[in-house]
Amino acid sequence: MVVAACSGPATTVQCAMNPLKYLLAYPADLQAQVRRIMEAKGLAAFLRDKYPVAHGIRSDRALFQYVSGLKGEYLRNAEPVDKVLFDSKIHAVKHALGLHTAHSRVQGSRLKASHEIRIASVFKDSPPEFLRMIAVHELAHLKERQHDKAFYKLCSHMDPEYHQLEFDVRLYLTHLDLSGERLWAGDGSRNTTE
Ligand SMILES: [Zn+2]
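Quick note on the working numbering: the sequence shown kicks off at -17 and runs consecutively.
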């Protein structure tokens, strides 16, 4: 659990998912697979075919309800999440996709922890699967601070497709990095360009 005294700096877990470095961590055969996709139909067509529809979560309030629902399902006993929001600055400034911040303050005789989750606004216009992946990732930081085995085990417990989805999210980031073209409109329609 990540807690810091309220007088000191809050503890922030920054999820380093830099699209530039991103596929380098994967084995060579997976990278070859990505190159084959890029040469064949291209990343945009591949991703649109696999994930045809955007989710309809348009506000921070709806996002909070969504993340709270996931937490209630899988992490009922973890400390509560006080705030959840889309943040347009995360990606550009911190080279991260999500942030989980925890701080503690004294309330009466007790130490009360509070948690805040910020999700990069690129996920506001994305398929429901991608939003779920980042929500699961940030929620897992309620229990596991590091990106270690226990952390990914918890992510996979919350979403059995977690690893595939993280890979596909990275494909999308690679696509965005190369072309800048967003593939989903984010209002439930198919996408922005078709
Ligand atoms: Zn993380």
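No residue lacks a Cβ here, since even glycine has one placed at the ideal position from N, Cα and C.
* CA-to-CA distance, Ser108 to Lys135, given in whole angstroms -> As a working mapping, residue 135 is identified with position 153 in the sequence shown. As a working mapping, residue 108 is identified with position 126 in the sequence shown. Their Cα atoms are separated by approximately 24 Å.
* Cut-off 7 Å between Cβ atoms - residues of its own chain near Met115, not counting five sequence neighbours on either side -> Counting from 1 along the sequence shown, the entry for residue 115 is found at position 133. Once the five neighbours on either side are set aside, the close Cβ partners of Met115 are Asp141, Tyr144, Leu147, Glu148 and Val151.
* Coarse secondary structure for Ile101, derived from DSSP in three states -> As a working mapping, residue 101 is identified with position 119 in the sequence shown. Strand at Ile101.
* Using 8 Å as the threshold, is the segment 3 to 22 in touch with the segment 40 to 59, meaning 3 or more CB pairs across them? -> no
* Extent of the continuous beta strand (DSSP E) to which Val88 belongs -> Locating residue 88 in the sequence shown gives position 106, counting from the first residue. That run of the beta strand (DSSP E) goes Ala78 to Gln89.
* To do: Measuring alpha carbon to alpha carbon, tell me which of Pro110, Gly90, Asp69 and Gln13 ends up nearest Glu98.
  => Working through the sequence shown from its first residue, we reach residue 98 at position 116. Minimum Cα distance to Glu98 is reached at Asp69.
* To do: Output the distance between the C-alpha atoms of Ala167 and Ala36, rounded to the nearest integer angstrom.
  => Locating residue 167 in the sequence shown gives position 185, counting from the first residue. Locating residue 36 in the sequence shown gives position 54, counting from the first residue. Whole-angstrom Cα-Cα distance: 7 Å.
* Mind checking whether Ala117 and Leu165 have CB atoms under 7 Å apart? -> In the sequence shown, counting from the first residue as 1, residue 117 sits at position 135. In the sequence shown, counting from the first residue as 1, residue 165 sits at position 183. Contact: no.
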